[in-house]
Structure formats: structure tokens, C-alpha cells
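Chains A and B are the protein sequences, given in the same order.
Letter 292 of the first sequence, counting from 1, is numbered 292 in our numbering, and no numbers are missing.
Heads up: take any position in the second sequence, counting from 1, add 303, and you land on our numbering.
Glycine residues also receive a C-beta, built at the ideal position from the N, C-alpha and C atoms.
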Amino acid sequence: MALVLEQALNGVQLGVMLFLLAAGLTLVFGIMGVINLAHGSLYMVGAYAAAAAAKFTGSFLLAIPAGLAAAALTGMVVEYVVVRKLYARDHLDQVLATFGLILFFNQSIVLLFGRQPMFVQIPPALSGAVNLGLFAYPVYRLCIIVAGLLTAGGLFWLIQRTRLGMLVRAGATHRDVVQALGVDIRMLYTVVFGLGALLAGFAGLMAGPLLSVQVGMGEQILILTFVVVVIGGLGSVAGAFWGALLVGVVDTSLRAFLPQIMRLMMNNSEADALASGVSAMGVYLVMAIVLLVRPKGLFPGHA
Amino acid sequence: MTRFPMMALAAAAFCAPLAGAASVQEPLKIGMITTLSGPGGYLGQDIRDAFNLAIEMQGGKLGGAPVQVVVEDDALKPGQGKQIADKFMKTDKIKLLTGIVFSNVALAVVPDVLEDGGIYVSPNAGPSNLAGKECNANYYVVSWQNDSLHESAGANANNLGYKKAFILAPNYQAGKDALEGFKRTFKGEVIGEVFTRLDQTDFAAEMAQIRNAKPDMVFQFHPGGAGIAFMRQYQQAGLLETVPMVVPSPSMDAVTLKAIGEAAVGVNVSAQWNSDFDNAANKAFVEAWTKKYNRPITYYASQGYDTALAIGAALKQTGGKVDDAKAFRTAMLKADFSATRGNFKFGKNQHPIQDWYSMKVVKGADGAPIIKTMGKISSDTGDFYAKDCKL
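Structure representation (C-alpha cells):
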């Protein structure tokens, strides 16, 4: 029982990380119609900027604004210089251009930081484990869950309750009307792209102390992020949230429990091999099933 | 109207090296396919830099023959490795190839290279598929056969007296070789066996499984960045204090150690080389490396360096030629060089016969953790698959 709860928490933790990435991806797609393969690079930029700031100042508190600012600024510059030219083009051009950005960012990071992975210490206040009654759970991972959920709440509030959110929603469905009313839609797009980048950077800086900060870290998680966006429904932030939690929990529990279940049915090494194979494709199976039942995802966007 | 002089200039620049080459010996080209980008990037970087260092230390030559190394990045993609090999062999007419870090890339590239009449010398990957029945006269491995890394870890675990092991490795050829190799020599009971994903970086689910299984020890094989993430999450989960870890060298190299820091103290490692080995070849290598690169020195670097020395020793006997693969083979198999790891011979499947050592991460003199050699695990050890090789 304790193990099930612990693995559920692990699943939720993976889920909120995926949500932070997927939210930006889905916003940019829903509102501007751009498929941004370089979203993972913004995650990497956030992680590297935070790691570098933590290394030079020795303070994790300073690393947070550094990571956020670097990712958001990079995002806005990318939008201004590259992505802006792509709105009118078809998806293939967008994929090609943003793929080019991945190569550009990876190589830039190699030039700046080298190929050795960077190391970020967990802040002392957040290291160690906290006793949750049935089991102990790392404080840092718990913080990620809380921070992720708070961010999700904040994002809903921003989109549903504020003027900026209203413009974002209106810009997605009635671009021309919004423009006719005198709103600078280009500025709005830059801001939305920057917001997406900020969320990716936030995920990146939180991942730093858990994973290793290294070149190409964005691509590893990008594929899973796309699965989340597809399951949730392109363009829907609520979909991204539930999709991310679903993917996080399914992926973690398959990895955690499938081997034991399989071991009841066959000999150990066969069970382990088969279980790892099935759990590797588990989230893709979920995606296929979701698409069969609801071809536009769980919460189809309004686009 | 500036185009014509520009073209003339370009043509002149292009011809200049050709004209110069007539007077001196044309350098032998060595094609290096290695992983330079992505999380495994530092592995290939170390192999490349150490290989080049060996050439530099011999004055731009290997075994007296001028050589030129052409390096391309496979990005850990088997398909990309294959394309580079094709280009090297067909367009650039390179016959001697080396450099591959990962077994999945090696398995895609090496058989084709050998079929097309090439020679391949491995500085790292030594997959089981190419060590037994499928062994080849033009395929040499200077590092190790994959399994022997893990067999040495299994023997190390026996020596340390552990009875119940939980073992993990990524789900690809080298990962399967790892778990098989460990189980072959480990005399205790394996109470849990997990295949992780090759691109996995978050191991929270696995940590919970380990804690629940309550093993005496954990054996894990995760090369490169994934290994760092694994070690750190192992520490964060509070397991490092309670469950000791016995690992093969790829899970704990100098770069991994630097990233993990003090948390790694106490981890047991087994390897064929360590930076503290007290032999002349190794001392020269470590000194030159530190002087030139001043960054942590890894097993991969020592293997890249030994590979260059092995090729150099062979070229010395063939007069810098690789056209006659048979003559090159005779020369290569003599292994007439002082390896940084000490004892070194080729077995009958042209994989190494060498000594394995047990090491431990301890606090160094300045407080920073170092990998310290504790003793020998086995001497003149070949590999499990050599008996199936009919060379």
C-alpha cells in the first residue's frame, strides 16, 4: 500500500513536470498554430541558466529568477527572430525551422558550457526526506509537486480571469476581430511565446537538481510532452494538465508494477524483459486508445 | 566581376596540399565515428581527445607513420553512424575505422564495415554479438567485451560478501549484456531485475522498488548522463547510506564522480584501468592529459589512448600501411605496446585478455572524492564468448 502511494506521488511529480512543458507547447499551438519542436531547448536553457547561476552565486534562490528570465527572454527572442516568420507558413516549414533551432541551441550550449553534464546541488533546506506516515518521500520532489500545482492554478487564473487571458483566448479564435479592436496581436504573440518559454524554463530549473543538466536533455522529455499534448487535445491547457497527470501516473505505475504482475505469470527474466518492453510503449498505447475514442483528445481546444 | 579571382584562389588553395603531398608521405586517414552530442557526448569527446593526444605525443604520427584523424558525430543514432561509415569508406576511401562508444551504434556499423573490407578497432563498445560466433579477423576490441565489465563487478560483489542483489540496466544490447554478465559470476541471489529505458533520466519509480525489495546491494549500469542522474536520485532517496552499490566502471567514471561529489563515497567500482595506476605508460598519459585538457580523466580516455597505441604498434610493423589486412592483423595481434592499464593481450576473438581491479570511491587528500584502486579482482581474464570464436 505504501509502495502504491509512493509510486502514485512519483507519477504525479512526473505529471506536473510534463504539464509545465506541455502548457507552453499547447498554448503556442492553440493560439498561433505553430508546432515548436524547440520547446525542449527552452527547458534546457532554463536548466543551464539556473545551474550556472547556482554555481557562480552558490544560491539556489538566485538560480530561480536566472533560469526563468533566461528561458523567457530566449523564448521571446526566438519568437521575434524566427517563429514570427512562420505563422503564415505550413507545419512542415515550422517543423524544419524549429528543428534547426534545436541543433542551434544544442551546439551553442556545447560551446558555452562544454559536453560534461552540470551539477546542481539541492538546496540544503529542501534535501532529505519527509515522513508522510506510511513512507518517507524526498522533500524536493514534494516541492516540485506543490510548485507545479500552484503554477497550474495560476495559469488557469491568468487565462480565465485576467484581461491578458481574455486577449489570449480571443486571439486564438478571432484573430482579426482582436486586431480590429486595436490590440497589438504581434506583441500578444510574443508575450504568449515568452510565457510558454517561462514555464518550460521553470520545469528545467526544477529538473536540474534531480536529473543531470546536459546537452540534449530537452529532446528526451519533448516526445513525452507531445504525447501529453495530443492526449489532452491540441491547444487546451486543461487538456495538457489532465493529459500530463495521466501520462505521468500511467508511465510510472507501468514501470513500477508491471514486472511484479508479469512475474506471477511467467519466469522472472522473461517477465522483466516483457514488462520493460510493454511499459516503454505504455503511454503510446494510451495515446492510441484516447485517439480512437476521442480523435481530438480529451479536451479538444477551440481552434 | 570578382568571381574569377576568387575561384582561382579557391582552386589554388585546393591544389596546394596535393602539391605538397608529393614530397612527403601521404598521411594515413583514420575514420573516427563517435558520440559527441547529446547526454553521451563527453564519452566520445574523451575518446577523441585521448586518441589525438597519443598522436600529438608521437609528433603527429602513430608508430612512425603520419596519420590524419577524420572525426564525425554519430549522435548515438545507429542510422547516422551507418551513413558516416558509408561516407568514410566509399567517398573518402578510408579503410581503418574506430571510435564508436555505444553498442547499438557499433552493431549497426561494424558488420557493414567488415563486409566492405574495412578494419575496425573498438575503443569502447564490445557487444556480445560480435565476440563469439560472429567474431571477425578484421575486428579488434581494445577496451573489453561488454560482459567482462559486469562479470568483474559480480566477482567484486562476491569478494565483498553480498548475498542479495537488485540489478538494473537500460533496455538495449549493452544493458542486457550487463545483467547477464553480472549474473554469470555473482554467487548470491538476484532478488530484482529491472530494465530501464535508454533515454530515461528520472528513476523515482525504480528507487521505490529498490527500497521495497531490501537488497544487500545494488548493481547498476547506466553510462553517461543517465548514470549521474541515477546516482544522485539514489542518494536523494536516502538509499546510498543503507544499500551499498557495486558498479562497473561506466557507471562511475571521473566525470560522474565530479558531478555527484561526496555523495559517491563508498561506492564499489570494478575496472581495467584507473588514473592512479603506477606504470610508466599511464603516468605519461595522465600527465599529458592534465597538461593539455585539465579536466577529469575517464576510462574512456584511457581506452581511446590505448587504441591509438595499439594501432600505432601495428602501423610501425606494416610501415604505416593498412591495405594488406592480413599483414596488419599479424602486426596488430602482437599488441607490442605498453598499455596504460598494464597487462594487455588480444585473445583469440581479438578482444582483450587483461587484469581487473576493484576500486572504491574515497575522500582524497584535499577532501574531494577520488576513485582509489583497492586490489586485483582477477588476472589475465578473457571473455565468455571467446570459446565460440573460430579464428
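**OP:** Look up A574 (chain B) in the DSSP assignment and give the residues it is bridged to.
**Re:** For this step, residue 574 (chain B) is matched to residue 271 along the second sequence. DSSP lists B:Y660 as partners of A574 (chain B).
Subject >> Supposed close pair A611 (chain B), L365 (chain B) - CB separation, criterion 8 Å >> reply: For this step, residue 611 (chain B) is matched to residue 308 along the second sequence. For this step, residue 365 (chain B) is matched to residue 62 along the second sequence. Sure, about 6 Å apart at Cβ, within 8 Å.
Original post:
P124 (chain A) CB to nearest chain B CB: under 8 Å?
Top reply: One-based indexing of the first sequence puts residue 124 (chain A) at position 124. Cβ-Cβ to chain B under 8 Å: no for P124 (chain A).
Original post:
Going along chain A in order, which residues have a C-beta closer than 7 Å to the C-beta of G660 (chain B)?
Top reply: The residue given as residue 660 (chain B) occupies position 357 in the second sequence. The residue asked about is misnamed: residue 660 (chain B) is Tyr in this sequence, not Gly. What Y660 (chain B) touches in chain A: nothing, since even the nearest Cβ is about 25 Å away.
Original post:
Would a check of beta-carbon distances place S340 (chain B) closer than 8 Å to chain A?
Top reply: As a position in the second sequence, residue 340 (chain B) is number 37, starting the count at 1. At least one chain A Cβ lies under 8 Å of S340 (chain B).
**OP:** Mind listing the chain B neighbours of P300 (chain A)? Cutoff is C-beta to C-beta under 8 Å, in chain order.
**Re:** Numbered from its first residue, the first sequence carries residue 300 (chain A) at position 300. Ordered by position in chain B, no residue passes the 8 Å Cβ test against P300 (chain A), which lies about 29 Å from the chain.
Subject >> Contacts around K690 (chain B), its chain only, beta-carbon distance under 7 Å, and the 5 residues preceding and following it disregarded >> reply: As a position in the second sequence, residue 690 (chain B) is number 387, starting the count at 1. For K690 (chain B), where only same-chain residues beyond five positions count, there are no Cβ hits under 7 Å.
Subject >> Cβ contact check for the stretch 169-188 of chain A and the stretch 470-477 of chain B: 3 or more pairs under 8 Å >> reply: no
Original post:
Quick one: is the Cβ of T401 (chain B) within less than 7 Å of any heavy atom of the ligand COA?
Top reply: The ligand COA is not among the ligands present in this structure, which contains no ligands whatsoever.
**OP:** Look up Y261 (chain B) in the DSSP assignment and say whether it is helix, strand or coil.
**Re:** No answer is possible for residue 261 (chain B): the residues shown for chain B start at 304 and end at 694.
Subject >> Spatial neighbours of N10 (chain A) in its chain, beta-carbon cut-off 6 Å, leaving aside the 5 residues before and after >> reply: What you label residue 10 (chain A) is simply residue 10 of the first sequence in a count that begins at 1. T252.
Original post:
Do D352 (chain B) and Y596 (chain B) have their CB atoms nearer than 8 Å?
Top reply: Counting from one through the second sequence, the residue named residue 352 (chain B) turns up at place 49. Counting from one through the second sequence, the residue named residue 596 (chain B) turns up at place 293. Contact flag set, yes.
Original post:
List, in order along the chain, the chain A residues whose C-beta lies closer than 7 Å to that of R500 (chain B)?
Top reply: As a first step, residue 500 (chain B) must be located in the second sequence, where it is residue number 197. Those are A280, listed as they occur along chain A.
Original post:
Which parts of the stretch 184-263 of chain A are runs of the alpha helix (DSSP H), unbroken and 4 residues or longer, counting only runs that do not cross its ends?
Top reply: 185-207, 217-232 and 237-263
Subject >> Same chain only: Cβ atoms within 7 Å of A628 (chain B), ignoring 5 sequence neighbours per side >> reply: One-based indexing of the second sequence puts residue 628 (chain B) at position 325. Within the same chain, A628 (chain B) has close Cβ partners I422 and N441.
Subject >> Residues within the stretch 520-540 of chain B neighbouring chain A, beta-carbon criterion of under 7 Å >> reply: G528, I531, A532, Q536, Q539 and A540
Original post:
According to the neighbour-count rule (16 or more other Cβ atoms, all chains shown, within 10 Å of its Cβ), is S276 (chain A) buried or exposed?
Top reply: One-based indexing of the first sequence puts residue 276 (chain A) at position 276. It is buried - the Cβ of S276 (chain A) has at least 16 other Cβ atoms within 10 Å.
**OP:** Could you pull the start and end residues of the alpha helix (DSSP H) that M265 (chain A) belongs to?
**Re:** The residue labelled residue 265 (chain A) in the question sits at position 265 within the first sequence. Neither: M265 (chain A) is in no alpha helix (DSSP H) and is coded neither H nor E.
Subject >> Contacting residues, own chain, Cβ-Cβ under 7 Å from G233 (chain A) (five flanking each side not counted) >> reply: The residue labelled residue 233 (chain A) in the question sits at position 233 within the first sequence. These residues qualify, in order along the chain: G239, K296, G297, L298, F299, P300 and G301.
Original post:
Using a Cβ-Cβ cut-off of 6 Å (strictly less than) and excluding sequence neighbours within five positions of P547 (chain B), which residues of its own chain qualify?
Top reply: Mapped onto the second sequence, residue 547 (chain B) falls at position 244. Result list for P547 (chain B): M520, in chain order.
Original post:
Based on the DSSP output, what are the partners of Q523 (chain B) in its beta bridges?
Top reply: The residue given as residue 523 (chain B) occupies position 220 in the second sequence. Paired residues: B:L471.
**OP:** Determine the DSSP secondary structure at G615 (chain B), reduced to helix, strand or coil.
**Re:** Here residue 615 (chain B) refers to the residue found at position 312 of the second sequence. Helix at G615 (chain B).
Subject >> Beta-carbon proximity check, G75 (chain A) vs A207 (chain A), cutoff 8 Å >> reply: In the first sequence, the residue the question calls residue 75 (chain A) occupies position 75. In the first sequence, the residue the question calls residue 207 (chain A) occupies position 207. No, the Cβ-Cβ distance between G75 (chain A) and A207 (chain A) is not below 8 Å.
Original post:
Cβ of P430 (chain B) within 8 Å of Cβ of A409 (chain B)?
Top reply: Sequence index remark: in the second sequence, residue 430 (chain B) carries index 127 (1-based). Sequence index remark: in the second sequence, residue 409 (chain B) carries index 106 (1-based). Yes, they are a contact pair.
Subject >> Classification of G128 (chain A) by the beta-carbon crowding that lies within 10 angstroms, buried from 16 upward >> reply: As a position in the first sequence, residue 128 (chain A) is number 128, starting the count at 1. Classification of G128 (chain A): exposed, given that the 10 Å Cβ count is below 16.
Subject >> Sequence-distant residues of the same chain with beta carbon closer than 7 Å to L142 (chain A), five excluded per side >> reply: Position 142 of the first sequence, counting from 1, holds the residue named residue 142 (chain A). For L142 (chain A), where only same-chain residues beyond five positions count, the Cβ hits under 7 Å are V130.
**OP:** Report the option in B:M677, B:D658 and B:K666 whose CA atom is closest to the CA atom of Q448 (chain B).
**Re:** In the second sequence, the residue the question calls residue 448 (chain B) occupies position 145. It is B:D658 whose Cα lies nearest to the Cα of Q448 (chain B).
Original post:
Closest to S605 (chain B) by CA distance: which of B:N571, B:K586 and B:S661 is it?
Top reply: Position 302 of the second sequence, counted from the first residue, corresponds to residue 605 (chain B). Comparing Cα-Cα distances from S605 (chain B) to each of B:N571, B:K586 and B:S661, the minimum goes to B:K586.
**OP:** Tell me whether L694 (chain B) is buried or exposed, calling it buried when 16 or more other Cβ atoms sit within 10 Å of its Cβ.
**Re:** Start at 1 with the first residue of the second sequence, and residue 694 (chain B) comes out as number 391. Exposed, by the Cβ-count rule.
**OP:** State the start and end residues of the unbroken beta strand (DSSP E) segment that holds F498 (chain B).
**Re:** Numbered from 1 along the second sequence, position 195 holds the residue referred to as residue 498 (chain B). Residues E492 to T499.
**OP:** Could you give the DSSP three-state label for Y48 (chain A): helix, strand or coil?
**Re:** Here residue 48 (chain A) corresponds to residue number 48 of the first sequence, with the count starting at 1. Note: Y48 (chain A) maps to helix in three-state DSSP.
**OP:** Pull up the DSSP beta-bridge partners for D376 (chain B), would you.
**Re:** In the second sequence, the residue the question calls residue 376 (chain B) occupies position 73. B:T337.
**OP:** Report the three-state DSSP secondary structure of M548 (chain B) (helix, strand or coil).
**Re:** As a working mapping, residue 548 (chain B) is identified with position 245 in the second sequence. It is a strand residue.
**OP:** Label I223 (chain A) either buried or exposed according to how many other C-beta atoms from any shown protein chain fall within 10 Å of its C-beta, with 16 as the threshold for buried.
**Re:** The residue given as residue 223 (chain A) occupies position 223 in the first sequence. I223 (chain A) comes out exposed.
**OP:** Under 6 Å Cβ to Cβ from M17 (chain A), same chain only, skipping five residues before and after it: list those, please.
**Re:** For the purposes of this step, residue 17 (chain A) is taken as the residue at position 17 of the first sequence. So the list reads A203, once near-sequence residues are dropped.
Original post:
Closest Cβ-Cβ distance between D505 (chain B) and chain A: below 8 Å?
Top reply: Within the second sequence, residue 505 (chain B) is the residue found at index 202, counting from 1. At least one chain A Cβ lies under 8 Å of D505 (chain B).
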